[in-house]
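> Encoded as structure tokens, here's the structure I'll be asking about.
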Amino acid sequence: MNPKYKKTFRNSIIFLVAAIVIVFAYQYFTKSKDADINLQTVKLSKQDVTTSVTATGTVEPVDTVQVGTQVSGLIKNIYVDYNSQVKKGQLLAEIDKTNLQESVNDAQAQYNSALNELNYQQQNFNRQNNMFRAGVISKADNETASYQVKNAQQSVNQKKTTLAQARTNLSYANIYAPIDGIILSKEVQEGQTVAASMTTPTLFTIAKDITKMQVQANVDEADIGNVQVGQRVTFTVDAYPETEFNGSVREIRLSPKTSSNVVTYTVLIDADNSEQKLKPGLTATVTIFTQELKGTNTIPAAAISFSPDTETLQKYYQKNKISAKIPDVKPGKGKEKYIWIKNNDGSLSQKQITIGINDGINVEVKSGLNGNEQIVTSLDEQIEAVAKSGSGESSPFMPKRPGSNNKKSASK
Numbered sequence: 001m002n003p004k005y006k007k008t009f010r011n012s013i014i015f016l017v018a019a020i021v022i023v024f025a026y027q028y029f030t031k032s033k034d035a036d037i038n039l040q041t042v043k044l045s046k047q048d049v050t051t052s053v054t055a056t057g058t059v060e061p062v063d064t065v066q067v068g069t070q071v072s073g074l075i076k077n078i079y080v081d082y083n084s085q086v087k088k089g090q091l092l093a094e095i096d097k098t099n100l101q102e103s104v105n106d107a108q109a110q111y112n113s114a115l116n117e118l119n120y121q122q123q124n125f126n127r128q129n130n131m132f133r134a135g136v137i138s139k140a141d142n143e144t145a146s147y148q149v150k151n152a153q154q155s156v157n158q159k160k161t162t163l164a165q166a167r168t169n170l171s172y173a174n175i176y177a178p179i180d181g182i183i184l185s186k187e188v189q190e191g192q193t194v195a196a197s198m199t200t201p202t203l204f205t206i207a208k209d210i211t212k213m214q215v216q217a218n219v220d221e222a223d224i225g226n227v228q229v230g231q232r233v234t235f236t237v238d239a240y241p242e243t244e245f246n247g248s249v250r251e252i253r254l255s256p257k258t259s260s261n262v263v264t265y266t267v268l269i270d271a272d273n274s275e276q277k278l279k280p281g282l283t284a285t286v287t288i289f290t291q292e293l294k295g296t297n298t299i300p301a302a303a304i305s306f307s308p309d310t311e312t313l314q315k316y317y318q319k320n321k322i323s324a325k326i327p328d329v330k331p332g333k334g335k336e337k338y339i340w341i342k343n344n345d346g347s348l349s350q351k352q353i354t355i356g357i358n359d360g361i362n363v364e365v366k367s368g369l370n371g372n373e374q375i376v377t378s379l380d381e382q383i384e385a386v387a388k389s390g391s392g393e394s395s396p397f398m399p400k401r402p403g404s405n406n407k408k409s410a411s412k
């Protein structure tokens, strides 16, 4: 064999043997303390239990009115601006009346002409009727004269309607506030032309009362079944991250919204804004309290989810010299749950209870407990390993503390 490979092979064998010796030596000299079984228990207590639904929404005024125009024309004057306080009936803006006034004048002239025509035809009919009675003209001529009167009357009615519409359009040139409130938006400027066609163009948006706002929240379809009118709400906005605002659910709209395959329902939340911190359009992070119980019988949620490991439970029984039989695990169903109880002799057993609402921290207990039970929440095994030699000295294979050799030398 090549001397080089022979040397490498010999070194490998030496390394392998040394590793095996170290492993066996460590296992021999290392002893574990007895496992420490930690059993945690609690008793039935009075706590608050609250469940909630979270959502996001937008702050907006409760009542807003969009003020538009029903006639086309040039904006001649604007008398208000953003945030202006207005009263009902206050003049907000004017549309140039030149063309509208001309329409009124033209309609008036046509109406007057129709009246003249009606008077003429009425007089003509009176003459024709007298002549017909005298036998001078035929019945057909008399009926023709009567027909002309009726046509003239219809023309008068039509022209009167046209005149009334022209006058109404002229009045529309003055834009008045329909309610008391504050101007939230102004969509036009002086000199701008607005066109009233199929839809009425919006000139201003007025909020009736900004001391009362609402949040339009979008609640997921999975949570909407728990939301009811009147439930308490808290929310925050980025503008005031340290301030928590209060409100209540006023309305749950039945029409769903679908976006990216996510279905939500609109929930309207009333909110006080007497300090006027809330501004229209702010994004709100909403918490709707769906159930709230004060000072009710509760146990920790951990007690409901606890299920002991069989091996750990056996070690617990052995360590505490408990002769009782280890019980079989019974599964709960729905609101009927099984929890673990520590008995007077230290053994564990299951007990059936009926629970109510669960907020993830505390669980309402409706029945099944008298208040004296020691309710198990955890059973953990904690092992601590300590390396020692058979004579009580530290293992020669373990690192030594500085100065330990000097102490031995001194003792000799």
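In the UniProt record's numbering, the protein residues as written are 1 to 412.
Virtual Cβ for every residue (Gly too), placed ideally from N, Cα, C.
(1) Threshold first: 3 residues or longer. Then list the beta strand (DSSP E) segments lying entirely within the region 294–377, N to C.
(2) When you compare only the Cα positions, how much space is there between I175 and A107?
(3) Pairing CB atoms from the region 220–239 with CB atoms from the region 171–185, are three or more of them under 8 angstroms?
(4) Quick one: measure Cβ to Cβ for I341 and S349, integer angstroms, because I've assumed they're closer than 8 angstroms.
(5) Just to check my reading of the structure: E381 and I37 have Cβ atoms closer than 8 angstroms, yes? What is that Cβ distance to the nearest angstrom?
(6) Would you call S255 buried or exposed, if buried means 16 or more other Cβ atoms sit within 10 Å of its Cβ?
(7) Given a threshold of 16 other Cβ atoms within 10 Å of its Cβ, counted over all protein chains shown, does P331 qualify as buried or as exposed?
(8) If you drop the 5 nearest sequence neighbours on each side, which residues of the same chain put their C-beta closer than 7 angstroms to that of G142?
(9) In or out: A18 buried (at least 16 other Cβ within 10 Å) or exposed?
(10) Have a look at F289, T258, R253, I357 and flag the residue whose alpha-carbon is nearest the alpha-carbon of I299.
(11) State the start and end residues of the unbroken alpha helix (DSSP H) segment that holds N124.
(12) Under three-state DSSP, which class holds A173?
(13) How about V65 and P280: are their beta carbons less than 8 angstroms apart?
(14) Helix, strand or coil: which one does DSSP assign to V229?
(15) Could you pull out every residue in the same chain whose Cβ sits closer than 6 angstroms to the Cβ of V237, ignoring the five residues on either side in sequence?
(16) Let me know the secondary structure DSSP gives V211 once reduced to three states.
(17) Note down the Cα distance separating V188 from L203, rounded to an integer number of angstroms.
(18) Give me, in chain order, the residues of the same chain whose beta-carbon lies closer than 7 angstroms to that of K366; leave out the 5 immediate sequence neighbours on both sides.
(19) Express the C-alpha separation of D48 and L268 in angstroms, rounding to a whole number.
(20) Does the beta-carbon of T258 have 16 or more other beta-carbons within 10 angstroms, so that it is buried, or is it exposed?
(21) What residue from Q165, G368, I288, L91 has the CA that sits closest to A217's CA?
(22) Between the C-alpha atoms of Y120 and T144, what's the straight-line distance to the nearest angstrom?
(23) Give the single residue among E221, V229, E102 whose Cα lies nearest to the Cα of N261.
(24) Using a Cβ-Cβ cutoff of less than 8 angstroms, which residues in the same chain neighbour S391 once the five nearest sequence positions on both sides are dropped?
Straight from the coordinates:
(1) Taking only runs of at least 3 residues, the beta strand (DSSP E) segments lying wholly in the region 294–377 are 336–342, 348–358, 362–367.
(2) Taking the sequence shown and counting its residues from 1, one reaches residue 175 at position 175. Taking the sequence shown and counting its residues from 1, one reaches residue 107 at position 107. Distance between the alpha carbons of I175 and A107: 23 angstroms.
(3) Too few Cβ pairs lie closer than 8 angstroms, so no.
(4) To locate residue 341, count along the sequence shown from 1; it is residue 341. To locate residue 349, count along the sequence shown from 1; it is residue 349. Yes, they are in contact, since the Cβ atoms of I341 and S349 sit about 6 angstroms apart, within 8 angstroms.
(5) Position 381 of the sequence shown, counting from 1, holds the residue named residue 381. Position 37 of the sequence shown, counting from 1, holds the residue named residue 37. About 6 angstroms separates the two Cβ atoms, so the contact holds.
(6) Numbered from its first residue, the sequence shown carries residue 255 at position 255. By the neighbour-count criterion, in which 16 or more other beta carbons inside 10 Å mark a residue as buried, S255 falls on the exposed side.
(7) Residue numbering aside, residue 331 sits at position 331 when the sequence shown is read from its first letter. Exposed is the call here.
(8) In the sequence shown, the residue the question calls residue 142 occupies position 142. Contrary to the premise, residue 142 reads as Asn rather than Gly in this sequence. Cβ-Cβ distances below 7 angstroms link N142 to Q128, N129, F132 in the same chain, with the five nearest sequence neighbours on each side left out; the list follows chain order.
(9) Position 18 of the sequence shown holds residue 18. With fewer than 16 Cβ atoms within 10 Å of its Cβ, A18 is classed as exposed.
(10) Translated into the one-based positions of the sequence shown, residue 299 becomes position 299. Among F289, T258, R253, I357, the Cα nearest to that of I299 is on I357.
(11) Position 124 of the sequence shown, counted from the start, is the residue given in the question as residue 124. That run of the alpha helix (DSSP H) goes 98–133.
(12) If you number the sequence shown from 1, residue 173 lands on position 173. Three-state result, A173: coil.
(13) Indexing the sequence shown from 1 puts residue 65 at position 65. Indexing the sequence shown from 1 puts residue 280 at position 280. The criterion of a C-beta distance shorter than 8 angstroms is not satisfied by V65 and P280.
(14) Start at 1 with the first residue of the sequence shown, and residue 229 comes out as number 229. Residue state, collapsed to three classes: coil.
(15) Here residue 237 refers to the residue found at position 237 when the sequence shown is read from its first residue. So the qualifying residues of the chain are L282, A284.
(16) Taking the sequence shown and counting its residues from 1, the one referred to as residue 211 is at position 211. Residue 211 is actually Thr in this sequence, not Val. Shown here, T211 sits in coil according to DSSP, grouped into three states, outside any helix or strand.
(17) Start at 1 with the first residue of the sequence shown, and residue 188 comes out as number 188. Start at 1 with the first residue of the sequence shown, and residue 203 comes out as number 203. Each residue's Cα considered, the two are about 6 angstroms apart.
(18) In the sequence shown, the residue the question calls residue 366 occupies position 366. Within the same chain, K366 has close Cβ partners T354, I355, G356.
(19) Along the sequence shown, read from residue 1 onward, the residue named residue 268 stands at position 268. Along the sequence shown, read from residue 1 onward, the residue named residue 48 stands at position 48. Straight-line measurement puts the Cα of D48 at about 27 angstroms from the Cα of L268.
(20) In the sequence shown, the residue the question calls residue 258 occupies position 258. Per the 10 Å Cβ criterion, exposed.
(21) On the sequence shown, position 217 is the one that residue 217 refers to. The candidate whose alpha carbon is nearest that of A217 is I288.
(22) Mapped onto the sequence shown, residue 120 falls at position 120. Mapped onto the sequence shown, residue 144 falls at position 144. Computed Cα separation, rounded: 14 angstroms.
(23) Within the sequence shown, residue 261 is the residue found at index 261, counting from 1. Nearest to N261 by alpha-carbon distance, out of E221, V229, E102, is E221.
(24) Within the sequence shown, the letter at position 391 stands for residue 391. Its pLDDT being 42, under 50, S391 is placed unreliably by the model, and nothing is read from it.
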